[in-house]
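Read the structure below first, then the notes.
In my numbering, the protein residues as written are 903 to 1023.
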């Protein structure tokens, strides 16, 4: 799977280059998400601006990422989701499980707010 990864101390931004996240690329994505958690990523934002299609394997990869980061009280955010993928998430009720934020900037802001709240506890 081809994607850009931007890493900083607070979050990683993963931006797939492929238009599809399907059974061909999902296993690599799952493995990479787990690897990023192991290497110390505090939070992940998956920017889906280039993705036009996602099948059940792609959804499974998103759930693996979500579970991996939620277990350590970290954020796993999907942003820039197109209408087709949003519809699939709503039909499957995964929109109630996954954190979906409209834009990349709002996703970054959300992580900053979460980190501030964690610091206040």
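We put the CB at the ideal spot given by N, CA and C, even for glycine. Here the structure is a predicted model, which means the values were calculated and not measured.
For the alpha helix (DSSP H) that residue i lies in, which residues bound it at each end?
i: residue 949; result: Taken as a continuous stretch (DSSP letters only), residue 949 belongs to no alpha helix (DSSP H), being part of the beta strand (DSSP E) at 946-949.
i: residue 930; result: 928-940
i: residue 970; result: 958-972
For residue i, collect the residues of the same chain with a Cβ closer than 7 Å to its Cβ; drop the 5 residues on either side in sequence, then sort them by chain order.
i: residue 923; result: 931, 953, 956, 960, 963
i: residue 1051; result: Because residue 1051 is not part of the residues shown, which for the chain are 903 to 1023, the question remains open.
i: residue 880; result: Not covered by the structure: residue 880. The range shown for the chain is 903 to 1023.
i: residue 976; result: 944, 945
Let me know the secondary structure DSSP gives residue i once reduced to three states.
i: residue 916; result: strand
i: residue 975; result: coil
Could you please give me the residues that DSSP links to residue i through a beta bridge?
i: residue 922; result: 955
Taking the continuous beta strand (DSSP E) assigned at residue i, which residues delimit it?
i: residue 909; result: 905-909
In chain order, what residues of the same chain lie with their CB nearer than 6 Å to the CB of residue i, ignoring the 5 residues before and after it?
i: residue 991; result: 997
i: residue 987; result: 956
If you drop the 5 nearest sequence neighbours on each side, which residues of the same chain put their C-beta closer than 8 Å to that of residue i?
i: residue 940; result: none
Worksheet item: Which whole runs of the alpha helix (DSSP H) in the stretch 977-1002 are 4 residues long or more, in chain order?
Response: Counting only runs of 4+ residues, the alpha helix (DSSP H) found wholly inside the stretch 977-1002 occupies 985-993, in chain order.
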